[in-house]
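**Q**
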Amino acid sequence: SQPILGELTASHVSPDSVQLEWSVPEGTFDSFTVQYRDDQGQAQVLPVDGGSRTVTVPGLSPSRRYKFNLYGVWGRKRVGPVSTDAMDVSSLHCALPVPAPAEPEEEPPSQPILGELTASHVSPDSVQLEWSVPEGTFDSFTVQYRDGQGQAQVLPVDGGSRTVTVPGLSPSRRYKFNLYGVWGRKRVGPVSTDAVTGEWGCGTIAPAEPEEEPPSQPILGELTASHVSPDSVQLEWSVPEGTFDSFTVQYRDGQGQAQVLPVDGGSRTVTVP
């Protein structure tokens, strides 16, 4: 009954991104994780939901070699990895042309449009971003920014969302956030906005009925490490009351770099690989 991971391939390569595709010949996975090392040699982890078979890895540099490892998460087990060979992004851009759409005359009207990106709520350590999609739908979004150490960070967001909270920021710093929409094999954008932490943005909106907030606020239960291996930890938690939109797991990796792992609001477990 254990699901099987198929081959991992790079279906589309540009100077600053790689689109990865894979198959699941048998069974289903709860989620996937893509691991690779960035230009500074720091390990990066990109979580992907279990229904996806493709993901775009943005923020890469031309003329560099990358190796991508894909793991499937199934219950408390991590299956894999399956890997691509190390690749030179700029040379693959020349070697792998983008396949022309079957009906190119229908593409322009159907391409979705990204609306304005705004910082709707700012605190000393986080920023809430909001955006619109005036036309069409995107498969997913990615938010890119640089942390307090100047390291590039990528925050994946599902295609149905129009808001995301970026946690783990430093107070009294100016950040620039870039939002991309992923649509098939294309990346649309970016749309951008600046925000300074430590100040409340003019767009902050007070709840319409604050007196109803305390009883409706969800409660987080205990966090436990249910399964530990030499290179991963499975975390489990409960929500005794109410529901959350999403969760974030924060930790520091072996090089002391802050890492943020987003988790959808319906999950109660995640594997940190």
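Just so we're aligned, residue 1 is where the sequence shown starts under my numbering, counting upward by one.
All C-beta atoms, glycine included, are put in the ideal place defined by N, C-alpha and C.
#1: Please work out which residues of its chain come closer than 6 Å, Cβ to Cβ, to Q234, disregarding the five sequence neighbours upstream and downstream, and give them in chain order.
#2: Measuring alpha carbon to alpha carbon, tell me which residue in V260, V239, R185 is nearest V13.
#3: Starting from S192, trace the beta strand (DSSP E) in both directions and tell me its first and last residue.
#4: DSSP three-state label for S232, please.
#5: For D147, tell me which candidate among A195, W131, V133 has the shortest Cα-Cα distance.
#6: Note down the Cα distance separating V79 from Q2, rounded to an integer number of angstroms.
#7: For the region 3-44, list the beta strand (DSSP E) runs that are entirely contained and at least 3 residues long, ordered along the chain.
#8: Which two residues bound the contiguous beta strand (DSSP E) that contains S246?
#9: Let's test the definition: count the other Cβ atoms within 10 Å of the Cβ of P156 and tell me whether it reaches 16, buried, or not, exposed.
#10: Can you tell me where the beta strand (DSSP E) with S83 in it begins and where it stops?
#11: Measure the C-alpha to C-alpha separation of V45 and E222 and round it to an integer number of angstroms.
#12: Name the DSSP beta bridge partners of G181, please?
#13: Quick check: the region 30-49 against the region 238-247, are there 3 or more CB pairs under 8 Å?
#14: Return the first residue and the last residue of the beta strand (DSSP E) that S132 is part of.
#15: Excluding the 5 residues preceding and the 5 following T54 in the sequence, name in chain order all residues of the same chain whose CB lies nearer than 6 Å to its CB.
#16: Since V127 and V191 should fall inside the 8 Å C-beta cutoff, what is the C-beta to C-beta distance between them, to a whole number of angstroms?
#17: Kindly identify the DSSP beta-bridge partner or partners of L114.
#18: Counting only the same chain and skipping the five closest in sequence on each side, list residues whose C-beta sits under 7 Å from that of W293.
#19: Counting Cβ pairs closer than 8 Å, one from the region 35-42 and one from the region 116-134, do we hit at least three?
#20: Consult DSSP for S226 and reduce its assignment to one of helix, strand or coil.
#21: How many angstroms separate the CA atom of F177 from the CA atom of R162?
**A** Let me lay it out:
#1: Counting only Cβ-Cβ distances below 6 Å, and skipping sequence neighbours, we find R76, S226, H227, T271.
#2: When C-alpha distances from V13 are compared across V260, V239, R185, the shortest belongs to R185.
#3: Segment 186-196, the beta strand (DSSP E) holding S192.
#4: In the displayed model, S232 falls within a strand according to three-state DSSP.
#5: The residue with the shortest Cα to Cα distance from D147 is A195.
#6: Whole-angstrom Cα-Cα distance: 9 Å.
#7: You should have 8-14, 17-22, 31-37.
#8: In the DSSP annotation of this structure, the continuous segment of the beta strand (DSSP E) that includes S246 starts and ends at 246-252.
#9: The Cβ neighbour count for P156, taken over all protein chains shown within 10 Å, is at least 16; the residue is labelled buried.
#10: 77-83 is the span of the beta strand (DSSP E), which, as asked, contains S83.
#11: Rounded to whole angstroms, the separation of the alpha carbons of E222 and V45 is 25 Å.
#12: In the DSSP output, where bridge partners are listed per residue, G181 has F141, V188.
#13: No: the two stretches stay apart, fewer than three of their Cβ pairs being nearer than 8 Å.
#14: Here S132 belongs to no beta strand (DSSP E), and DSSP marks it neither H nor E.
#15: Listed in chain order, the non-local C-beta contacts of T54 below 6 Å within the same chain comprise E21, local neighbours out to five positions each way being set aside.
#16: Not confirmed; about 15 Å, so no contact.
#17: Its beta-bridge partners do not exist; DSSP assigns none.
#18: Outside the displayed span of the chain (1 to 273) sits residue 293, for which this structure offers no information.
#19: Counting C-beta pairs closer than 8 Å gives fewer than three between the region 35-42 and the region 116-134, which falls short of the contact rule.
#20: Residue state, collapsed to three classes: strand.
#21: Answer to the nearest angstrom: the Cα atoms are 15 Å apart.
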